[in-house]
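In this note's numbering, the protein residues as written are 16 to 244.
What follows is a set of notes on a single structure, which appears directly below.
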């Protein structure tokens, strides 16, 4: 009976050896699947339980003179097997960690924007006329002639002011801008903005807000003046 149990135990130890060789092969492969290693871990763990049971049964049938040697041999083998199982599980853990890291680094262009975030368009209370004038002042600090808005036509006309005096456009011809191209940029509001394509160092821009009455219609307008030196 004792010899039969030892033969059975030797057979299970041989199966464990083959599983451990298989594990070494999986570690060296580049296309190893984690499922393969997990299945191998389950098989080795089951063999470990079987060997523990066989060792206990053999201890009961071993004579006193051979008892110490049996315990020493069994414990040494089980210790080495336990170390191998820990290596297998450590490999599985590192395998899963590398997989998670690779998934996080793939697709750098993946968007993480909040789909429920508020839009970035201006609120209704923003004065777009003022924004347009401020933007032009920043880009062309002293580079544009003054302009008014005719309410009915929604266009701009020049009102030059020289030394603080307004020119009467009804009796005098409006001054011409020499070698200057004017581009009218239509906005979504009731204001058009003029951009001068040539710098003139002798013009100072001033802005004001005033009510303009035309055909009995009163409209609040932003007015841009140029002052000559």
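Glycine is no exception: its CB is placed at the ideal position from the N, C-alpha and C atoms.
- Of the residues 85, 64, 49, which one's Cα is nearest the Cα of residue 108? The sequence position of residue 108 within the chain shown is 93, counting from 1. When the alpha-carbon of residue 108 is set against those of 85, 64, 49, the nearest one is in 49.
- Which residue comes first and which comes last in the alpha helix (DSSP H) that contains residue 77? As a position in the chain shown, residue 77 is number 62, starting the count at 1. Where residue 77 is concerned, there is no enclosing alpha helix (DSSP H), given that its DSSP letter is neither H nor E.
- Which one of 234, 98, 92, 85 has the shortest CA to CA distance from residue 18? Taking the first residue of the chain shown as 1, we reach residue 18 at position 3. Looking at the Cα atoms, 85 is the closest of the given residues.
- Message: Rounding to the nearest angstrom, what Cα-Cα distance links residue 11 and residue 82 in this structure?
- Response: Summary: the structure shown does not reach residue 11, with the chain confined to residues 16 through 244, and so no result is reported for it.
- Query: Under the three-state reduction of DSSP, which class applies to residue 70: helix, strand or coil?
  - Reply: Residue mapping note: residue 70 aligns to position 55 of the chain shown, counting from 1. Looking at residue 70 - three-state DSSP - the assignment turns out to be helix.
- Going by the beta-carbon positions, is the gap between residue 89 and residue 113 smaller than 8 Å? Counted from its first residue, the chain shown places residue 89 at position 74. Counted from its first residue, the chain shown places residue 113 at position 98. Taking C-beta atoms as the reference points, residue 89 and residue 113 fail to come closer than 8 Å.
- Message: Give me, in chain order, the residues of the same chain whose beta-carbon lies closer than 8 Å to that of residue 226; leave out the 5 immediate sequence neighbours on both sides.
- Response: By 1-based counting over the chain shown, the position of residue 226 is 211. Its chain contains 233, 234, 235, 236 as the residues whose beta carbon lies nearer than 8 Å to that of residue 226, once the 5 sequence neighbours on both sides are disregarded; these appear in chain order.
- Boundaries (first-last residue) of the alpha helix (DSSP H) holding residue 32: Within the chain shown, residue 32 is the residue found at index 17, counting from 1. Note, residue 32: alpha helix (DSSP H), 17-43.
- Message: Can you give me the C-alpha to C-alpha distance between residue 58 and residue 34, rounded to a whole angstrom?
- Response: Translated into positions along the chain shown, residue 58 becomes position 43. Translated into positions along the chain shown, residue 34 becomes position 19. If you take the alpha carbons of residue 58 and residue 34, they lie about 8 Å apart.
- Message: Can you confirm whether residue 55, when its beta carbon is compared against all beta carbons of chain B, has any partner nearer than 8 Å?
- Response: Here chain B cannot be found, since the structure has a single protein chain.
- Task: Indicate the three-state DSSP secondary structure (helix, strand or coil) for residue 224 in the structure shown.
- Result: Numbered from 1 along the chain shown, position 209 holds the residue referred to as residue 224. Note: residue 224 maps to strand in three-state DSSP.
- Can you have a look at residue 101 and say buried or exposed, based on whether 16 or more other CB atoms are within 10 angstroms of its CB? Indexing the chain shown from 1 puts residue 101 at position 86. Looking at its Cβ environment, which holds fewer than 16 other Cβ atoms inside 10 Å, residue 101 is exposed.
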